[in-house]
Amino acid sequence: MKRKVTKAIFPVAGLGTRFLPATKSIPKEIMTLVDRPLIQYAIDEARAAGIKEFIFVTSRGKGALEDYFDHANELEATLKRAKKTSLLKTLQATNMDSGAIAYIRQHKALGLGHAVWCARRLIGDEPFAVILTDDVIAAEKPCLKQMVEAYAETGGNMVAAMEVPPAKASAYGVLDIGEDMRSIVKVKGMVEKPKPEEAPSNLAVIGRYILTPAVMENLNRMKAGAGGEIQLTDAIAQEITKSNNVYGYRFRGQRFDCGSKAGFLQATVAFGLARPELHDEFAEFLGEMTQIRKAAE
Ligand code: G1P
Numbered sequence: 039m040k041r042k043v044t045k046a047i048f049p050v051a052g053l054g055t056r057f058l059p060a061t062k063s064i065p066k067e068i069m070t071l072v073d074r075p076l077i078q079y080a081i082d083e084a085r086a087a088g089i090k091e092f093i094f095v096t097s098r099g100k101g102a103l104e105d106y107f108d109h110a111n112e113l114e115a116t117l118k119r120a121k122k123t124s125l126l127k128t129l130q131a132t133n134m135d136s137g138a139i140a141y142i143r144q145h146k147a148l149g150l151g152h153a154v155w156c157a158r159r160l161i162g163d164e165p166f167a168v169i170l171t172d173d174v175i176a177a178e179k180p181c182l183k184q185m186v187e188a189y190a191e192t193g194g195n196m197v198a199a200m201e202v203p204p205a206k207a208s209a210y211g212v213l214d215i216g217e218d219m220r221s222i223v224k225v226k227g228m229v230e231k232p233k234p235e236e237a238p239s240n241l242a243v244i245g246r247y248i249l250t251p252a253v254m255e256n257l258n259r260m261k262a263g264a265g266g267e268i269q270l271t272d273a274i275a276q277e278i279t280k281s282n283n284v285y286g287y288r289f290r291g292q293r294f295d296c297g298s299k300a301g302f303l304q305a306t307v308a309f310g311l312a313r314p315e316l317h318d319e320f321a322e323f324l325g326e327m328t329q330i331r332k333a334a335e
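With our numbering applied, the sequence shown has no gaps in its numbers, which climb one by one up to 335 at the end.
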């Protein structure tokens with residue numbers, strides 16, 4: 039029997055230097071797409087996939103992120119008194135159950151693999167999910183839920199995957215494809231940030247994972263890999279040889295790289311247009327902008 043995945047790790051210790059000066063005082067994960075912090079998108083996706091325990095791997099300067107999950111009792115009371123029911127609902131939907139959240143500190147920025155490993159005692163002997171909040175995925179069925187359903191068939195280790203332009207593959211973990219069953223791919227190799235000529239394919243790892251506790255054990259002994267960092271990709275790749283149970287999952291949905299400014303802006307446009315209350319005005323503005331640009335050319 040495959041065990042249910044009820045725990046998720048959110049590595050949120052990064053400095054967010056690409057968004058300086060904003061990230062001088064706000065954690066990157068609190069930056070907002072329309073009106074919701076990036077972290078809220080990740081939490082909602084995890085909840086939809088059946089996650090009950092949320093483990094944040096944080097670092098210095100992430101206090102605002104921890105505060106974000108406190109219940110805002112005073113604010114709730116004010117909205118209740120003012121009968122602002124819709125806003126009250128929006129606010130209450132962000133409330134987390136007591137004891138559902140844990141924070142672990144990553145003391146040194148040694149890489150994604152190390153960040154995940156910091157949560158080992160809270161994971162114990164269970165399968166677990168990892169969500170990278172920079173990767174925002176708009177999908178009818180949330181990406182992690184799609185993966186949980188696929189995992190019910192395969193078990194083992196599963197990474198979200200997406201075809202990227204070959205010239206961009208070096209920015210990702212890249213899969214060497216074994217058997218290709220369309221949405222599910224058996225993985226026979228995995229390389230973190232390969233040199234362009236060494237990329238085994240253009241099927242890239244995107245920041246959603248379902249992993250076995252064996253990956254945590256591999257991280258116990260993991261040496262630094264690409265970029266001198268301890269890589270999660272390398273710890274997963276070891277399971278290909280040890281257990282032959284690593285799968286890629288081509289998810290249905292649109293992924294935005296909110297770790298880059300261009301990606302963040304694209305996500306803002308897409309999520310803004312998707313809001314019924316903003317759509318018309320925003321679409322009109324974007325139309326005008328395109329015309330103005332054309333005229334200027
Ligand atoms: C991380 C992972 C990489 C993955 C990527 C997806 O890299 O190490 O394997 O492809 O996330 O966003 P990062 O973007 O943190 O350099």
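Using N, Cα and C, we set each Cβ at its ideal position, and we do this for glycine too. All values reported here derive from a predicted model rather than from experimental measurement.
- When the Cα atoms are used, residue 146 and residue 225 turn out to be separated by approximately 31 Å.
- Secondary structure note for residue 289: it is in no beta strand (DSSP E), with a DSSP letter that is neither H nor E.
- Between residue 175 and residue 291, the C-beta gap is smaller than 7 Å, which places the two residues in contact.
- Where residue 258 is concerned, the enclosing alpha helix (DSSP H) starts and stops at 251-258.
- Residue range 91-96 is occupied by the beta strand (DSSP E) that includes residue 91.
- Taking C-alpha positions only, residue 323 is separated from residue 307 by approximately 11 Å.
- Here the distance from the Cβ of residue 79 to the nearest heavy atom of the ligand G1P is not below 6 Å.
- When distances are taken from the beta-carbon of residue 250 to the heavy atoms of the ligand G1P, even the shortest one reaches 6 Å or more.
- In the DSSP annotation of this structure, the continuous segment of the alpha helix (DSSP H) that includes residue 79 starts and ends at 76-86.
- Cα atoms of residue 250 and residue 318: separation of roughly 46 Å, rounded to the nearest angstrom.
- The three-state reading of DSSP puts residue 134 in coil, since its state is none of H, G, I, E or B.
- Below 8 Å, too few C-beta pairs join the stretch 263-281 and the stretch 182-189 to call them touching: fewer than three.
- Checking the DSSP bridge columns, you'll see residue 224 partnered with 285.
- In the DSSP secondary-structure assignment, residue 248 is bridged to 167, 196.
- For the set 139, 191, 124, the Cα lying nearest the Cα of residue 92 is the one of 139.
- CA-CA distance, residue 104 to residue 193, rounds to 33 Å.
- Closer than 6 Å to some heavy atom of the ligand G1P: that does not describe the Cβ of residue 213.
- No residue range can be given for residue 146, since it is assigned to no beta strand (DSSP E) and is classified by DSSP as neither H nor E.
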